[in-house]
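The opening residue of the sequence shown carries number -4 in the numbering used here; numbering runs sequentially from there.
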Amino acid sequence: MATAKELKELSADDLKQRAAELRETLFQDQLKRRTGSLDNPAERTQHRRDLARVLTVLTQKTKA
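Here is the structure:
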């Protein structure tokens, strides 16, 4: 995923789209975890951190 510096260059619409994609990915990870087919639990943690990073930059953009 992109760093915060790279995310700041994106528009608010692009950030919202990435947030939606990451939420969908997290939902799929959750389903895989519950069924026992999640291969790498560290990916779920990385997706959560990426979503937090995107939402933080999006909040900064909307307040500015």
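All residues carry an ideal CB built from backbone N, CA and C; glycine is no exception.
* Asked: Rounded to whole angstroms, how far is the Cβ of R48 from the Cβ of A(-1), which I believe are closer than 8 Å?
  -> 6 Å
* **Whether K56 touches A(-3) by CB criterion (8 Å)** => no
* Asked: From which residue to which residue does the alpha helix (DSSP H) around K3 run?
  -> Counting along the chain, K3 falls outside any alpha helix (DSSP H), and DSSP gives it neither H nor E.
* Reference R43; option with closest CA among E4, Q23, T30 -> Q23
* Exposed unless 16 or more other CB atoms sit within 10 angstroms - verdict on R13 -> buried
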